[in-house]
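Chemist: Here the protein sequences come in this chain order: A and B. Be aware that the first sequence starts at 1385, since it is given in the working numbering, and climbs by one per residue. Be aware that the second sequence starts at 7, since it is given in the working numbering, and climbs by one per residue. We treat Cβ as the ideally placed atom computed from N, Cα and C, and that holds for glycine. Because the structure is a prediction, the values reported are computed rather than measured. Here it is, the structure in full.
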Amino acid sequence: MSLIRNRFVKICVVLAVLGVGMVASWAALDTAFHATGDYEFCTSCHAYAPIAAAYREDVHGGNNEFGVRAACNDCHLPHDNSLHYFWVKAKHGVVDPTMELLKEPHEIDWHAIRERREEFVYDSSCLRCHKYLQEATEGNRMASRAHRRYFSGETDRKCVSCHENVGHNRLGYHLEQMGWKKEDSEAQQ
Amino acid sequence: MRRSLQFCLSLLLLSLSSLALAESTALSVAGVKTLKIERGLSAEGKACITCHQQITPGQVADWKDSRHAHAGISCIDCHQVTEDAPHASRHANVEDTPVFVSALVSPKVCGRCHVDAKAQFDASGHFRAYRQIIPKDSLHALQVVHEGRNHPELSGAPGETGCMQCHGTEIKLDENNRPTPETWPNNGMGNIYPDGSTGSCTACHSRHKFDIGEARHPHACASCHLGPDHPNIEIFNNSKHGHLYNTEGDEWEFDTAPDAWEPGDYRGPTCATCHMSGIGELAVTHNVSERLYWNLWAKESKVRGSDDVLSPLLGDGPEGRKKMKMVCTNCHSSTHTNNFFMQGDKAVKLYNEAYYKPATEMLNELKEKGLLKDNPWIDEFQITYYYLWHHEGRRARQGAMMGAADYAHWHGFFELQQDLYKLEQIYQKRMESGEIE
């Protein structure tokens, strides 16, 4: 009676292969997501030059005394559940490079897109790092008033409704410097 | 020995007392009291206060007496703007900092914290104060051509010193991103700011104290709601509510917390009590149109019923009446309340039917027959028609609806009948002769 004929052994082998496969595919995906979700990769597109410049100057872009930074993925993908995360990642993976290929960088109206920031910065992402924000800002005279409304569900505002330029503080300046003029944006609208 | 000791002692006392004197003189010489405030303010934020208490002590004196100061909100929290804001400018002395500021603090800035107040204001008739006059050509002609005499350089003066100061304007910027003298300063209710937001919180809550009690006093409203065409403060003074306020208002409580300001704090209402405040079951609102039934300022009074913030009929008339009655019943019986509105409504309907309608029919007929002058301001018929609805007609309607007998009658219906007789005479003369006198 050879081992190969043994049903139990067969099942074990299949399960082991499956398990290894799953781990391998998770590792591949995770590596791919992170490799394509950070400053170096995302800003390799021309249209992202001003966004990159503003990011690198910002506290969230690593301009802080510890050198910690939030990657693009950390803010611009939702962190409420993995399928949502996967879906948005895939969508951006298709749409963003396509736009980069189809459009001249200056055809992309960043000024108008900034106004829609609530659609592509996710509270679930902010709160993944700022996990204890509610407790942490209770003693802050100015923040507590706004955060109390937020955490008690009295407002439908998102984090970036109030924190307008977070992550890319001087983006307006860099857009103007690199040729994305606000007047052109307003004229188009 | 004893004598020399005495001498030494008195010398010591003398020197001590002169030292004390010098010290007290030094204190009194430092006439400007130096405010030193920590409370979590940034270095730049503290710098504003340090300098401005010397340069513009009035501003800092207002501020330190305000609720903003209590809450740790200082100059920089409202005056700092982003580098790419249209009105961003560099403040002299701090050009080496990353700070950009503007003298212009828009409703969008106030709305960052006062979220509900801004949303309610944006849905109110006050929002329209400037926007509604943008398309009115006849009004621009009145300001520039007639009042401004079409003067090549000075024709803007009547609009800039008059209309704009209450209605507001679109604030324009010079090459340094500072507001132009044609558009600033003003406290007009409907200002359009360079950041696109509309309104003027300081119209009622004057800077830099932004006081809730101030806006609850009728004086806040009276700085615009006065005069021959909408004498609302005069109407208030004429009313029993004004009688109470003028008698003992200085003893009432005006800075109770929002939504908690109730009878007891006062013995009679002010403008704010009825039109805005949280009283009884009603919640506080910055939408001044919310408790209204009629439009009482248009040529013809119609019942409100529109969601369009730019419509003169903005609001929900029946719902507004219901809410206003809820205000009244905090002090009055239902009979008193219902009868009061029946009296007022009757006056408004009389104006509509017996004055507006016949006067407008005559106007339209004369227009059709070419019997009106091109320049309305030299045409006795058109001038009288204007007074009929814009001055006398409003006084009658608003006087009646806010309990002001003298304005309903002597400044209202008495003048209205005189206007109408005059219109009828001119109309008959022109129709019979076929020409303008």
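Between B:Leu356, B:Ala94, B:Leu369 and B:Asp425, which has its C-alpha nearest Lys178 of chain B's C-alpha?
Modeler: Of the listed residues, the one whose Cα sits closest to Lys178 of chain B is B:Ala94.
Chemist: Examine chain B for any beta-carbon lying closer than 7 angstroms to the beta-carbon of Tyr1557 of chain A, and answer yes or no.
Modeler: Yes, because at least one Cβ of chain B sits closer than 7 angstroms to the Cβ of Tyr1557 of chain A.
Chemist: Does the beta carbon of Phe228 of chain B sit closer than 7 angstroms to a beta carbon anywhere in chain A?
Modeler: One point to set straight first is that residue 228 of chain B is Ala, not Phe, in the sequence displayed. No, Ala228 of chain B lies away from the interface with chain A (no Cβ there is under 7 angstroms from its Cβ).
Chemist: Against chain A, with Cβ distances strictly below 7 angstroms, would Glu89 of chain B count as a contact?
Modeler: Yes, because at least one Cβ of chain A sits closer than 7 angstroms to the Cβ of Glu89 of chain B.
Chemist: Measure from the C-beta of Arg1498 of chain A to each C-beta in chain B and report whether the shortest distance is under 7 angstroms.
Modeler: Judged by the 7 angstroms Cβ criterion, Arg1498 of chain A is not in contact with chain B.
Chemist: Within 10 angstroms of its Cβ, does Ile1497 of chain A collect 16 or more other Cβ (buried), or is it exposed?
Modeler: By the neighbour-count rule (16 or more Cβ atoms within 10 Å), Ile1497 of chain A is not buried but exposed.
Chemist: Taking Cβ positions, are Leu320 of chain B and Ser295 of chain B nearer each other than 7 angstroms?
Modeler: Cβ atoms of Leu320 of chain B and Ser295 of chain B: closer than 7 angstroms.
Chemist: Determine the burial state of Glu240 of chain B: buried for a count of at least 16 other Cβ atoms within 10 Å of its Cβ, exposed for fewer.
Modeler: With 16 or more other Cβ atoms within 10 Å, it is buried.
Chemist: Per DSSP, which residues does Tyr299 of chain B bridge with? Please list them.
Modeler: According to DSSP, Tyr299 of chain B bridges with nothing at all.
Chemist: What residues match up with Ile198 of chain B in a beta bridge as DSSP calls it?
Modeler: According to DSSP, which records beta bridges pairwise, Ile198 of chain B is partnered with B:Glu176 and B:Thr204.
Chemist: Which of the three DSSP states, helix, strand or coil, is assigned to Ser1428 of chain A?
Modeler: Correct three-state label for Ser1428 of chain A: coil.
Chemist: For the region 1537-1548 of chain A, which residues have a CB atom closer than 7 angstroms to at least one CB atom of chain B, in sequence order?
Modeler: Answer in chain order: Thr1539 and Cys1546.
Chemist: Can you tell me whether Leu27 of chain B is buried or exposed, with buried defined as 16 or more other CB within 10 angstroms of its CB?
Modeler: Residue placement at Leu27 of chain B is flagged as unreliable, the pLDDT there being 46, under the threshold of 50; the coordinate-derived value follows with that caveat. Answer is exposed; the Cβ neighbour count stays below 16.
Chemist: So, for Gly323 of chain B: in the same chain, excluding its five sequence neighbours on each side, which residues have a beta-carbon less than 8 angstroms away from its beta-carbon?
Modeler: Same-chain partners within the cutoff: Leu298, Tyr299, Trp300, Val309, Arg310 and Gly311.
Chemist: Under a three-way DSSP split, which group does Arg1391 of chain A fall into?
Modeler: Arg1391 of chain A: helix per DSSP, three-state reduction.
Chemist: For Lys379 of chain B, report the span of its alpha helix (DSSP H) as first-last.
Modeler: Here Lys379 of chain B belongs to no alpha helix (DSSP H), and DSSP marks it neither H nor E.
Chemist: For Tyr427 of chain B, I'd like the list of residues in its chain whose CB is within less than 8 angstroms of its CB, leaving aside the five on either flank, ordered along the chain.
Modeler: Nothing meets the Cβ criterion.
Chemist: Suppose you measure from the CA of Glu1502 of chain A to the CA of Thr1539 of chain A; what does that come to, to the nearest Å?
Modeler: Taking the straight line joining both Cα atoms gives about 14 angstroms.
Chemist: Hey, how far is the Cα of Arg213 of chain B from the Cα of Gln424 of chain B?
Modeler: If I take the Cα positions, the gap works out to 44 angstroms.
Chemist: DSSP three-state call for Tyr1506 of chain A: helix, strand or coil?
Modeler: Coil, per DSSP.
Chemist: Could you tell me which residues DSSP puts in a beta bridge with Ser95 of chain B?
Modeler: According to DSSP, which records beta bridges pairwise, Ser95 of chain B is partnered with B:Val107.
Chemist: If you measure beta-carbon to beta-carbon, which residues of the region 115-149 of chain B are closer than 7 angstroms to chain A?
Modeler: Going along the region 115-149 of chain B in chain order, one finds Arg118, Cys119 and Val121 with a Cβ nearer than 7 angstroms to chain A.
Chemist: Should Val1621 of chain A be labelled buried (16 or more other beta-carbon atoms within 10 Å of its own) or exposed?
Modeler: As displayed, chain A neither begins before 1385 nor continues past 1573, which places residue 1621 of chain A out of reach and without an answer.
Chemist: Measure the CB-CB distance between Pro224 of chain B and Thr291 of chain B and report whether it falls below 7 angstroms.
Modeler: Not closer than 7 angstroms, so no.
Chemist: I believe Ser307 of chain B touches Asn358 of chain B by the beta-carbon criterion, under 8 angstroms. Please report the beta-carbon distance rounded to the nearest angstrom.
Modeler: The pair is a contact, with the Cβ atoms about 6 angstroms apart (cut-off 8 angstroms).
Chemist: I want to verify the contact list: residues of chain B whose CB lies under 9 angstroms from the CB of Met1526 of chain A, in sequence order.
Modeler: Per Cβ cutoff of 9 angstroms: Gly46, Ala77, Gly78, Ile79, Asp83 and Cys119.
Chemist: Which class does Tyr136 of chain B belong to by DSSP, given the choice of helix, strand or coil?
Modeler: The answer is coil: DSSP assigns Tyr136 of chain B none of H, G, I, E or B.
Chemist: Please tell me whether Val1401 of chain A has its Cβ less than 7 angstroms away from any Cβ of chain B.
Modeler: Not one chain B Cβ lies under 7 angstroms of Val1401 of chain A.
Chemist: Taking 6 angstroms as the limit between beta carbons, can you name the residues of its chain near Cys1429 of chain A, skipping five residues before and five after?
Modeler: Glu1484.
Chemist: Spatial neighbours of Cys1459 of chain A within its chain, please: C-beta separation below 8 angstroms, excluding the five flanking residues on both sides.
Modeler: Excluding positions up to five away in sequence, the list reads His1444, Val1505, Tyr1506, Ser1509, Cys1510 and Gly1551.
Chemist: Using the beta-carbon of each residue, which ones in chain B are nearer than 9 angstroms to Glu1449 of chain A?
Modeler: What Glu1449 of chain A touches in chain B: nothing, since even the nearest Cβ is about 17 angstroms away.
Chemist: Met407 of chain B to Met282 of chain B, Cα distance in whole Å?
Modeler: Taking the straight line joining both Cα atoms gives about 17 angstroms.
Chemist: What residue does the alpha helix (DSSP H) around Cys337 of chain B start on, and which one ends it?
Modeler: Careful: Cys337 of chain B lies outside any alpha helix (DSSP H) and carries neither H nor E.
Chemist: Is the shortest distance between the beta-carbon of Ser34 of chain B and the beta-carbons of chain A less than 7 angstroms?
Modeler: Note that Ser34 of chain B scores a pLDDT of 41, beneath 50, so its modelled location is shaky and nothing firm can be said.
Chemist: Please state whether the Cβ-Cβ distance between Ser206 of chain B and Gly219 of chain B is less than 7 angstroms.
Modeler: The answer is no: Cβ separation not under 7 angstroms.
Chemist: Between which two residues does the alpha helix (DSSP H) containing Arg400 of chain B stretch?
Modeler: Arg400 to Met407 is the span of the alpha helix (DSSP H), which, as asked, contains Arg400 of chain B.
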